[in-house]
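Just below is one structure, and these are the notes that go with it.
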Amino acid sequence: MSATLYGLVSAALIGLGLYGLISNPQPLRKLLAFNLVGNGVFLLFGVIARRGAAAGFAGDPIPQALVITGIVVAFSASALAVALLKRLFQEAGSTSLRSDPPPRADEPT
Amino acid sequence: MNELALAFDVGLAATAVALAWFSVVARSTFAAIVAFVAYGLLLSLVWMRLSAPDVALTEAAIGSGLTGVLLLSVGAQLRPGEAALDLERPGAILRSVAALACCAVAALLALWVWGGVTGPAPTLAPQALAELERTGVENPITAVLMAYRATDTMLEKIVLLLATIGVWSLTPDLKWGGRSGPRQTVDPDGVLVFLARALPPVGVVIGVYILWVSSEKPGGAFQGGTILAAMWLLVMLAGLMDAPGTRRRRVTLALLAGPIVFVAVGFAGCFIADAFLAYPVDYAKALILLIEFPMLLSIAVMLGLLVLGTPQRSAPR
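Residue numbers (the working numbering), protein chains in the order written: chain A, 1 to 109; chain B, 1001 to 1317.
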């Protein structure tokens, strides 16, 4: 029962994350939303692991271990994205993703 | 008892989704990140409810803790450009269409979870149990990570290493060999300095213990490594120690120790056992520990460096 409930949570997280990814113009917020989608996918995997409880284990250990690997890889990707954002901000004075970015705030136009 | 558990589950699920929703729609990035950290901690409770304590530890340490620190630090730096970006928000029509599409995706998934799957779920748990004795460890998750699917874990080390190289490669030429972030200056009598002196001895013991215990109970090199990384970051945040420069030989050694030992043991498996990353039954646990301890060091250093980010101060001449 609780596994089904958390399966619904994972569906909600994926939906919310997708919406944030599309609707928010700030790359940092897109990254946050992308992490929500990732969490939702991991959680769905966790629900599948819980349903696969057998042989005296409370959950299938293989998907659980894969989720641990996934969380670490997701963190590395986020760290790289953050470093790219910081550098973009240093170079361009804005993290806008538009092809015609607005003029820098500290530069007379 | 059952009603109580159900009420807890419903409350937990509702709060987690509400916080996730807030972190998407909040105007202020700072508020969104704080909500995300709180949501991450609730998510680790969800993992406990799904009987996955190993994942819960990882989510609390890496998914919520380290990601939170990372996002908070960059959020503060990017704040000056926030207002201008807000003007690029898509119009109401586009947002409504996006909301509808995302609701449809979520609804499809929810339908599948609710009624789409029937009958016994596929599981590899019996196979995992059958071979468990030959790996020398008792925690099935550790057996999967370090024995059955050790290739995944090895490649994930490489991914962490590549991410660190990627972060460093964004360094401007002049700053190469320099240190990350500003040198912290804090009140030497403040509570932060006190914590940075009092916590690390305890934290280091806990971090190593979490790795050591992982052969029998929930724990592992990532969870332990994250705690070590957190202690290191705390000491640097309190200004008791400066961030390392990229050219330091010791840093390079600490970064490479884990992956190199892992790959070396992997190739040794071709000779002492019958395949890459295979362990002879008698030495399986010893070899797993031989891989895990250098890995703990490398993970701690890599996670710490990833949070510190690109070097920003010029190298000392």
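Note that CB positions come from ideal geometry on N, CA and C, so glycine has one too. All of these numbers come straight from a predicted model, not from anything done at the bench.
A straight-line Cα-Cα distance of about 16 angstroms links residue 1179/B and residue 1238/B. Between the C-alpha atoms of residue 1162/B and residue 71/A there is a straight-line separation of about 16 angstroms. Non-local C-beta neighbours of residue 52/A in its own chain, meaning closer than 6 angstroms and more than five positions away in sequence, comprise 60, ordered along the chain. Within the region 1028-1049 of chain B, 1029, 1032, 1033, 1036, 1039, 1040, 1043, 1046, 1047, 1049 place their CB atoms closer than 9 angstroms to a CB of chain A, listed in sequence order. Proximity of residue 1189/B to chain A, defined by a Cβ-Cβ separation below 8 angstroms, is not satisfied.
Going by beta carbons, residue 1228/B and residue 1258/B fall outside the 8 angstroms limit.
Nearest C-alpha to residue 1212/B among 1041/B, 1285/B, 1274/B: 1285/B. In the assembly as shown, residue 1029/B is a buried residue. Its beta-carbon has 16 or more other beta-carbons within 10 Å. Between residue 11/A and residue 35/A, the C-beta gap is not smaller than 8 angstroms, which leaves the two residues out of contact. As the crow flies, the alpha-carbon of residue 1121/B is around 8 angstroms from that of residue 48/A.
28/A is the residue among 28/A, 18/A, 24/A whose C-alpha sits nearest the C-alpha of residue 1073/B. Across the structure, residue 1256/B and residue 1298/B are spaced so that their CA atoms are roughly 7 angstroms apart.
The C-beta separation of residue 1087/B from residue 1042/B comes to about 33 angstroms, leaving the pair out of contact by the 8 angstroms criterion. Inclusion of residue 1186/B and residue 1251/B in the CB contact set at 8 angstroms is not warranted, their separation being larger than that value.
Assigned with DSSP and collapsed to three states, residue 1169/B falls in coil, not helix or strand. Beta-bridge annotation (DSSP): residue 1180/B is paired with 1311/B.
Residues are counted here when their Cβ sits less than 8 angstroms from a Cβ of chain A; for the region 1007-1018 of chain B these are 1009, 1010, 1013, 1016, 1017, given in chain order. Using a Cβ-Cβ cut-off of 7 angstroms, residue 67/A is close to 1055 of chain B, given in chain order. Residue burial is scored here from C-beta neighbours: residue 1283/B has fewer than 16 other C-beta atoms within 10 angstroms and is therefore classed as exposed. Under the criterion of beta carbons closer than 8 angstroms, residue 9/A and residue 43/A qualify as touching, at roughly 7 angstroms. For residue 1068/B, the enclosing alpha helix (DSSP H) stretches over residues 1067-1078. By the criterion of a C-beta distance shorter than 7 angstroms, residue 1090/B is surrounded by no residue of its chain, once the five residues flanking it on both sides are discounted.
Shown here for residue 1058/B: same chain residues with a beta carbon closer than 7 angstroms to its own, the five before and five after excluded, namely 1222, 1223 in chain order. When CB distances to chain A are screened at a threshold of 8 angstroms, not a single residue of the region 1225-1245 of chain B falls below it. With a 10 Å radius around the Cβ and a threshold of 16 neighbouring Cβ atoms, residue 1049/B comes out buried. Distance from the CA atom of residue 1184/B to the CA atom of residue 80/A, rounded to whole angstroms, is 23 angstroms.
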